[in-house]
Each structure stands twice: as C-alpha cells, then as structure tokens.
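All remarks here apply to the structure that follows.
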Amino acid sequence: MTLETLIQLIYLISTGAFILSLKWMSDPKTARHGVFAGVGAMVLAVVGTLLGREIVAFHWIAIAFVLGTAVGIPLSWVPLTAVPQRTALSHAFGGLAAGLVGTAKYYMWLGDGGLTKFRMTAIGFEVLLGYLTCTGSLMAAGKLQEVIPTRPLTYRNQNVINLGLLALAVMIAVTLVFRPEQSWLFPFIIVLSLLFGVLLVLPIGGADMPTVISLLNSYAGLSAVAMGFVMENKLLITAGALDGSSGLILSIIMCRAMNRSFTNVLFGAFGQVEAQSTAIEQRTAKAATAEDAAHLLENANSVVIIPGYGMAVAQAQHRVRDLRDELTKRGVNVKFAIHPVAGRMPGHMNVLLAEAEIPYDSLFEMDDINPDMPQVDVALVIGANDVVNPAARRDPKSPIYGMPIIDADKAKAVLAIKRSMNPGFAGIENELYFADNTLMLFGDAKAVVGDVVKELAGETPH
Amino acid sequence: MTLETLIQLIYLISTGAFILSLKWMSDPKTARHGVFAGVGAMVLAVVGTLLGREIVAFHWIAIAFVLGTAVGIPLSWVPLTAVPQRTALSHAFGGLAAGLVGTAKYYMWLGDGGLTKFRMTAIGFEVLLGYLTCTGSLMAAGKLQEVIPTRPLTYRNQNVINLGLLALAVMIAVTLVFRPEQSWLFPFIIVLSLLFGVLLVLPIGGADMPTVISLLNSYAGLSAVAMGFVMENKLLITAGALDGSSGLILSIIMCRAMNRSFTNVLFGAFGQVEAQSTAIEQRTAKAATAEDAAHLLENANSVVIIPGYGMAVAQAQHRVRDLRDELTKRGVNVKFAIHPVAGRMPGHMNVLLAEAEIPYDSLFEMDDINPDMPQVDVALVIGANDVVNPAARRDPKSPIYGMPIIDADKAKAVLAIKRSMNPGFAGIENELYFADNTLMLFGDAKAVVGDVVKELAGETPH
Amino acid sequence: MELDFVSGLFVFMLATFIGLDVIRRVSRLLHTPLMSLTNAISAIAIVGAIIVTGEQQTTLSTVLGAIAVFASTTNIVSGFLITDRMLKMFKKREPGK
Amino acid sequence: MELDFVSGLFVFMLATFIGLDVIRRVSRLLHTPLMSLTNAISAIAIVGAIIVTGEQQTTLSTVLGAIAVFASTTNIVSGFLITDRMLKMFKKREPGK
Ligand SMILES: NC(=O)c1ccc[n+]([C@@H]2O[C@H](COP(=O)([O-])OP(=O)(O)OC[C@H]3O[C@@H](n4cnc5c(N)ncnc54)[C@H](OP(=O)(O)O)[C@@H]3O)[C@@H](O)[C@H]2O)c1
Ligand SMILES: NC(=O)c1ccc[n+]([C@@H]2O[C@H](COP(=O)([O-])OP(=O)(O)OC[C@H]3O[C@@H](n4cnc5c(N)ncnc54)[C@H](OP(=O)(O)O)[C@@H]3O)[C@@H](O)[C@H]2O)c1
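Protein chains in written order, with our numbering: chain A, 1 to 462; chain B, 1001 to 1462; chain C, 2001 to 2097; chain D, 3001 to 3097.
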C-alpha cells in the first residue's frame, strides 16, 4: 500500500465518522457519541494530511496549532447566552481560513503556471464565499454582542448597490478564469467580498441574526467545498457539504417557524418599524402579585410553562426549575411548551432548561402540546411574547399572521411575566395580555419567579 | 466540454435521479414519480453509455435491446401472486449479466495484459456474486413456483460442504489475483459459483424464499458494485449500493418480524419439521355457517379484518372488498390489520388489497391497531395463521415465541376462515382456533367470503 | 476519468449511507413494489454490458456482452412496468364514491 | 488520486443528499449544540491550511497558511468543547431523585 493510498483510506474513515457524528445528533442519548466521532474524524483528517509527502516543514503548523488551541479553549467557556456570538465569531474564522488558503493557492499557481480554468473557478468561489462569510459573521457577532447598532441600517437603493458589488466581484472572478495572469485583479475580489459581507448584514435587524448565522454556516460549508475542488480533496467536499446542508436546513426551519421567506429575512429590514408600532395603550392589563400567582398555581391541576427570550435575558432558568420542583411536590402536573423559535436561536430554550437540569422528557414541542391547551389550568408565560401572540392566528393584517404559535390563550388562566407592556422582537402588541383570564406579573423574570417560589415555599415549609 | 465530461455529467444526473426514485417511494402519493425518475435515470445511463467513444458497433446492442424488450413486456403481465417468482427470475438474469460481463472482461484483459491486481480482485467479486445470484435465484424461483420441492432438502454435513465449496472458489480467485495468467483456473470459479448458488438455496424451505430473494437482491446489487470497480464507473457503484442496501434492509425487516436470525433463515432448514408437529387434535373447534357469520358481523360496531397468506392463495381480495362495502353500508366500522410478514413477501397484503381498490388509509399496521383490539367486536381472520398465533406471546417453548403478532385473540369475538385445521407456514398449532370466543368458517377463502356477502346482500336487498 | 480503488470505496460508502437511510423510510405499504423497483435498478449492469458488447474486441466478449444486454433489458422493462402497474392500484380515497 | 470536476460534483451531490437527510432528523432539542458541532466540522478547512503551510512554497503562502491553521484550530477546539459542554447538560431523568 502506498502512502498516498493510506492517506486516502484515513480520509475515507474520517468522512464516515463525520457522517456518523451528525447521525448521532438525532437523539440526545447518542449525541455525545456524535461529538466523539466528530473529534475522531477531525484527528484522522489532520493526521492524514500531516502524513502527506508534500508537507516538508512542521514548525509553523505546530506553532499555529498551539496558538489556536490556546485561544480556542477559553472561547469555549463563554456563558450560554453568548453562544450565538461565539458561533458567529467562529464562522468568521472559518471563512477567513478558506479565503486565505484560496489566496495562497492563487499566488502559488500564478508563480508556477498551474492556474487551469477549473482551478481558477474553484478559487474564485472559495475566496468569494470565504471572505464574505468572514466579514458578514463579524458583523453578525457585533450585532449580537450589541457592539454594533442592532437595528437595520438602511440607505437608498441599498439592495441594488449591494447586489451590484457582488456582481462586480463575480465578473472579476470570471475575467480571471479566462485571464489568470491579470493578477492585479485578484486583490479586488478580496476587497469586494469583504465589503459585500459587511453590507449584506448591516441592513438586517439584530433579532434576525440567528437566521443569518445559519446561512453563514452554510456559506462556510460551501467555501470548504470550493476548497475541496481547489485542493482536489474529497474529504473537504464531503464535510463541507454536510455543513452546507446543516446551515441551510436550520435557516429554513427558522424561516418556516416565523412564517417568513428568505428574501424577507435578508432584504426585508425587519424590525425597523419597531418604534412606530408601539400602539396606544387604551386598555389596561390586570396586574397581580407573586402571592396571587402562587395561590393560582398551587391550586391548579396542570400547569404549562412557556418560556421565551425574556427567560434567557433574565437567566431565570434555575428559578424556573425551583418553581417546577415546588409545584411538582404539591402534585401539580408541570409541563414545558417549547416553541421552535422561542428565544434567539434554534433550540435556545432547550439548552437553558437543560442547564437547569430539567429533564428533556418534560419539554414538549408546540405541535404536541397545542391540542391539550384547552384542558390546561394555568399557562405560565415567562418572558415570551411573539410566540404566544394570538394575532398570528386571528389578525390577517398582523406582520406575524400565519406564524404557528403556542395557544396559551386557550388555557383556563394565563399568568405572564415580563417587565413592561413593551412588545417583543416583532414589535407588535399582544392581545393575550389584555385578555380577561390573563394576569400580568411585572418585573424581571428571575426576580418574579424567585418571589413566587418563596411564596410557595414560605407557606408550607419542608 | 469534452465528450467524456458530457457522459460523466449524464451519469451524474442519472445517479441523482436513481436516489430520488427511491426517496419518492417513501409515500404512496409520490411513489409513481419514483418510477418515472427511475425510468429517466435508466434512460440517461443507457444514452450516456452509448455516447462513449469505445462503442464502435451498435447492431448487437440493438438486437439485444429489442429481444430484451420483447421478453420483458410479457414478463410484466404476470398475476400479482406470481410477483415473487418473477422477481427471483429477474435476479437470476441480473446475476447472469454481471457474471457474463466479468467473464468477458477477464478474457479481454487476459489478451492485452491489462489484468492488474485491482481489476482481478474486482472481477473475482463480480463473477462470484453474479453467478451465485444467478443459480440461487433460479432455485428460489423454482421453489416459489413449486417446480422444485419446496421443503428443505438436507443431507449430512451440508453446511460444511457448502462453505467448503465457497472457500474453494474464493481461494481460486485469490490465486488468480496473484497469477492472472493461469487462465485455466477461471472456469472453475464460474462452475463453483453456479454450484454454490444451487446448494445455498436447496436446504431452505419454500416459505423462507422471500427472505432469500431479498438477500439475493442485495447480492445482485453488490455484483453491480463490483462491476463498477471493474469498469471504473461511479454510476454502477452508486446504483449497485442502493440495491444492496435495499435487499439488506428488507431481509432484516422480515427476519425481525419473524423474530428469527439471518443464520437461522439461511442454515436452519426451517419448515422441515412441518409433518411431525401436526399435533393430535383432542380438542374440537366450533364451526359456524356463513349465515351465523353474516349475523355476527352485521350486528357488530367495529370489525377488524386480518388477512393472511390464505387470502392470497384463494385470490379472495375482491370478495373481501365486497364484504367491506356491505358492512360499511350498514354502518359497521371496518378496518384492516396488516402484519408485516403476512403472506409470502413484504407488503403482500397491501398490494392485493390495493388491487381490490381498498383505499390504503383503511389499512393499519400491527403496532397501530393492537392497542385497540380489546375494543373490537369481531376480528375476522381470513387465511392468516401464524401472524395471529397467541403462542408467540404466551408459550416460550413455541418456535415462533417472541414474534410480534396481531392480537386477534383479544377481540370480543373471532371469526376464522381456513380450509382445515392444518397449520400455517411455521407448522404449529394455533390456540386461537380453539378459544371460546372463536368460530371457524371452513372452506376456501374466496368461496366463504362470497357466501357471507351473499347472506348479507340477500337479507337486505338494495 | 479513471477511478482508483479508494475513490471507488468512497463513492460506495456514501451511496450505502444514502441507500440505508432512504430504504428504511420507504412506506411499509410499498415493500412489494419496492422489490420490483430495485430489481429494475439493479439492471444498471446494462452499462457494463453495453460497453463490452460495443467494444467488439473479441467474438467471445461480444456474444457474452450481448446476452448480458438482453438479460438486463428484460429486467429493466419488466421491472419498471410491473412496479408501475402495482403502484397505480394504490389509492387513498375511493374513486367516485 | 487526482480529482476532476465531475467526480468532485459527484461526491458533492452524494454528500448533500446525506447532509440534508441527516440534519433534517436531528432532534429539535439539540439545534443549538448542532450549530456548534457543524461549526467545528466546518473547520475541516484545516486540511487545506496545513498543506499550504507545510509545502513552504513562498513566504506569503506559508504565512497565510499558518494564519488559516490557527483560525481553524481555534474553531475545532472551541467548537467541540462547547458542544460537549452543552450536551452534557441534557438529561432524561432527574439525577438521584
Ligand atoms: N429562536 C430563534 O431561532 C429565532 C430566530 C430569529 C428570530 N426569532 C424571533 O424571536 C422571537 C422569539 O419570541 P419570544 O416570545 O421568545 O420572545 P419575544 O417575542 O422577543 O419577547 C420576549 C419578551 O420577553 C420580555 N423580557 C425581556 N427581558 C426580560 C426580563 N429580563 N424579564 C422578563 N421578561 C423579559 C420582553 O418584554 P419586556 O420588555 O416587557 O420585559 C419581551 O416581550 C420571535 O418573534 C422569533 O420570530 C427567533
Ligand atoms: N410476508 C413475508 O415476507 C414472509 C417472508 C417469509 C416468511 N413468512 C412467513 O409466512 C407466514 C405468514 O403468516 P400468515 O398468517 O399470513 O400465513 P400462514 O401462517 O402461512 O397461514 C396461512 C393459512 O391460510 C390457510 N389457507 C391456505 N389456503 C387457503 C385458502 N385457499 N382459503 C382459505 N384459507 C387458506 C391455511 O390453512 P388451511 O390449510 O387450513 O386452509 C393456513 O393456515 C408467517 O409465518 C411468516 O413468518 C412471511
């Protein structure tokens, strides 16, 4: 067996392990095997590559490994609320890596005349996707961390200008395919792609960033695919395609759950109208105290807790767990209803509740719990807003009309915890808070839930 | 674009279409698109191949096309009961084609010195799998058509002798890999493979043929994969792998539904003990007339019909449909319960009932209907036996113990149609027929169901 | 466009992943038509048969190839036709009722 | 072991079929960890980065390559670690209750 065959066999096993890694994510029970398979696959990929005869010097690689590890470990300690930013930042790194490799290869082949049309096309894709993913993700990370204004920044003819820039970059790349020796053109592709990444994300509202991140994940995957064509490497193509599909599917799931189209997310400047639509509060909502709430809850047979973005902001998950324990102790049947886009990233609520050690078999998906809602005694809404807004079902003029929601309004009584009557992400008012059977608990979710728990615990000390 | 690239692109599209073809089989609504995609894929594959520069003469190909079509069309007219035989026969043809191509390639490369180790290995696999699939499938077809005795034909040391033959064939192939010029050895591989195919299937009982056919389907797929390695063709490898997986999964499903292992099916000589275990009939079963049955059925609220192999033998599906219509007209709720291995091939009952135009949404799978069985007024068992044998649940000593069954015995009353008290495929007695709440309707399923329908229609003419 | 051993294995592995997944999700209703459909698909061996026949290298190879083309064509034609015949019978609601 | 355009497309198509299928069946519970896992997997770009760096053809390529190796390593390390950290939290039954 030649060395080359050995390397290809290692790549083959690595590819299989990457696929298994994602397969095992289908179930929380096997998900951790998935991580191990992924790590194994990556180690094999690296080892296989290092075995290659073309690797003549290792010191730079070793230094980069060490530095990368040194930076990577602390990056994994971020609090769970910062996971979206961290992911965005990582995509920026991934895009950068792809872009740089493409650049290096271009100049290498420019020197030795190896720039075939095929290679130049692949490099064009790789560099375009790589650099735009890089700056786009940086912008997304900035918006999520609120370093950059989260509201959509728009100007006249924005879409035309942006697409014009992209078209220009593509045209330059096409020119280079036919005249690869015109190397002065190459830096323009880089600059234009970097610029396009920035301009692409600027006009998108902060709250749409999860969808954008997923799309950028897809682009990062595709740039790895392009790199696979450049380096003539099937492992890169496969792993890149897996990533590309993942990003695509997650963004589609998010768009569907919000009942919006890709175009609307990318070019709709959603969230811009926030200010104007805070309607005139003629009607008043009924406020309640923690004591009232405790009373209502402990006398219920069944309680469904519907968490939303507010629970994440307030970091209230541990208090929520205490509440659940107190109620369960009293024989109340407590379930959690999780909307697919509650919070700010897919699966956001699940991770937070898992962190608070709430077993995942007490979490129910929207479609599974909605039929039971009319039989529920109390629906406890914790920092959720749009995902329980009945306008999505009732009001065809509402911007969220048609979005599937959790039918909290059908429960016998509703308790809603939030700090004010301000709207949520979609910037619209919520009928639910004015309903006859709704009581509002104003305040920070963590504090309010804590108070309710104290009331419950105080009454019957154990 | 070179011709070679064009051909590869055509193959690429063909591969995609084959995958879609199988994907669309996941739902009866899209299944016919699946056939069209499959046809399209095959046409592309053929056209792509014919475009190749190495094809210098077309007349033999054209003649073979015409003859093949002339034979293929009538072969597709077989009655539905003969589908298993037809499938087996087709596998024989498929195996033959693979074997012949391998043989042709061997002698071609023997002439021009092109027999590398890689090629010889691939040819070895292709020829072995191809020829054994060919004779094995012929035997299976013969057993299914009852041209060959269906009972397992066994002799001393059978498994040792068979495996010895296979080992010998493999050894010869290995020798040829290292000394491809020893061409006198090659015919021995062919003969041994053909012989092994026969001996493999001889000791397997006729009723196990569906599992054997599925396995042979898998082998036919694998021989196409081997041909792909020989011809260096990715399309062959992909399509072959799709087939290989399909055969494998279907045989696993069948084995699971029978609670038996692969080894037991292949080497267990199951069905051999049939004669001896027809136990002494001390107890008597209660026989009933068509009139009794009609009376019982029309007074029921809910009836579950459980068809089995006997319905297929009697071709009773159209009568069954009439019965359903009569009962439905009277407001009786009629459902069908389909066991995964009822009949003699996977999905056997579904095809027969579909032929009788019974809509597939009134068919229920075993796991879906079992929980409702205790509420059912009448379970009507039509020519089914093993799949409703409660010994599978109750009697740890029974050969079918552990096989999942349809819980007909839990219904308030049971009507069972069969010709005698003879056992079914597994050769064991069935407690169900002696139960207090069971009435037997003796006779051919088609005749008996026809009588019941006449009774029902006669009473209330419309 | 030549294919080495490992590349072949690579394609085989990916296709098997797809095959196992796809087949596992074929509706139980359709297992019989599935058997004839895959039977037709396995006649992809026609690709190899056509090449061997068309090359006309030796009489032997041409004859063997032509038989293989014949056998494969039979499978293709009968396999697809019978699958379609069976699938046409599967109906959800009663027609005209 | 060289890879032409169509072979590359072929692999890409098969891998995308697998990817779309596999991801569609990832449990909704795990979408957040999935995002960090695929993030780590996309750092497969390290393969290209290592080759460019290790070839040491020009100073430019070595420097760019080394930065790319650094960036990819960061993603690999942080991506896998954080995924595992999140997954460790998912429990079915209450521990010790
Ligand atoms: N999950 C995803 O993947 C994803 C992706 C893209 C977009 N989105 C969008 O995000 C939204 C998610 O809906 P959602 O119902 O979870 O959130 P939401 O509609 O944004 O509402 C969150 C509510 O929580 C309250 N809140 C904020 N901080 C709080 C605190 N510290 N204590 C108590 N309450 C607090 C806010 O009201 P006060 O200010 O009055 O407290 C706000 O009304 C949807 O519109 C969805 O389309 C989600
Ligand atoms: N479906 C598959 O893929 C598959 C594959 C391999 C093995 N198998 C095996 O096949 C068996 C299938 O079970 P099953 O319950 O469907 O069939 P079964 O157990 O073989 O019983 C069929 C019954 O139908 C009766 N019968 C035969 N001809 C009849 C006629 N013309 N009219 C009325 N009744 C007639 C027979 O009794 P009389 O002789 O008294 O009439 C017999 O008891 C299982 O043991 C299964 O493991 C199935």
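By construction, the Cβ of each residue, glycine as well, lies at the ideal position given by its N, Cα and C atoms.
Distance check for residue j and residue i, CA to CA, integer angstroms please.
i	j	result
residue 84 (chain A)	residue 348 (chain A)	10 Å
residue 159 (chain A)	residue 2027 (chain C)	46 Å
residue 1369 (chain B)	residue 29 (chain A)	29 Å
residue 1091 (chain B)	residue 2086 (chain C)	19 Å
residue 949 (chain B)	residue 1194 (chain B)	Lying outside 1001 to 1462, the shown extent of chain B, residue 949 (chain B) is not represented and no answer is given.
residue 3080 (chain D)	residue 1148 (chain B)	60 Å
residue 1048 (chain B)	residue 1010 (chain B)	6 Å
residue 1362 (chain B)	residue 1352 (chain B)	14 Å
residue 354 (chain A)	residue 311 (chain A)	13 Å
residue 1366 (chain B)	residue 1340 (chain B)	7 Å
residue 238 (chain A)	residue 3042 (chain D)	10 Å
residue 166 (chain A)	residue 172 (chain A)	10 Å
residue 175 (chain A)	residue 67 (chain A)	38 Å
residue 2025 (chain C)	residue 1358 (chain B)	23 Å
residue 18 (chain A)	residue 34 (chain A)	8 Å
residue 1116 (chain B)	residue 1078 (chain B)	44 Å
residue 1046 (chain B)	residue 2047 (chain C)	6 Å
residue 1245 (chain B)	residue 2019 (chain C)	5 Å
residue 2045 (chain C)	residue 200 (chain A)	50 Å
residue 1177 (chain B)	residue 1129 (chain B)	16 Å
residue 232 (chain A)	residue 219 (chain A)	19 Å
In this structure, what does DSSP give as the bridge partners for residue i?
i	result
residue 1416 (chain B)	B:1381, B:1440
residue 1302 (chain B)	B:1333
residue 1307 (chain B)	B:1382
residue 287 (chain A)	A:440
Check whether the Cβ of residue i lies closer than 8 Å to any Cβ atom in chain B.
i	result
residue 3009 (chain D)	yes
residue 2074 (chain C)	yes
residue 2059 (chain C)	no
residue 3013 (chain D)	yes
Just checking: is the beta-carbon of residue i within a distance shorter than 8 Å of some beta-carbon in chain D?
i	result
residue 113 (chain A)	no
residue 2005 (chain C)	no
residue 251 (chain A)	no
residue 1019 (chain B)	yes
residue 340 (chain A)	yes
residue 463 (chain A)	Because chain A in this structure spans residues 1 to 462, residue 463 (chain A) falls outside the shown range and cannot be described.
residue 1117 (chain B)	no
residue 2054 (chain C)	no
residue 1085 (chain B)	no
residue 1002 (chain B)	no
Any Cβ of chain A within less than 8 Å of the Cβ of residue i?
i	result
residue 2090 (chain C)	no
residue 2017 (chain C)	yes
Contact criterion: CB-CB distance below 8 Å. Does residue i meet it with respect to chain E?
i	result
residue 1068 (chain B)	The displayed structure is made up of protein chains A, B, C and D, and chain E is not among them.
Determine whether the Cβ of residue i lies closer than 8 Å to any Cβ atom of chain C.
i	result
residue 1351 (chain B)	yes
residue 1143 (chain B)	no
residue 3084 (chain D)	no
residue 1071 (chain B)	yes
residue 211 (chain A)	no
Counting only runs that start and end within the stretch 1322 to 1384 of chain B, where is the alpha helix (DSSP H) found for 4 or more residues in a row? 1348 to 1355, 1366 to 1369
Curious, which full-length alpha helix (DSSP H) runs of at least 4 residues does the stretch 132 to 189 of chain A contain? 158 to 178
Any chance you could list the beta strand (DSSP E) runs of at least 3 consecutive residues sitting entirely within the stretch 1021 to 1055 of chain B, in chain order? none
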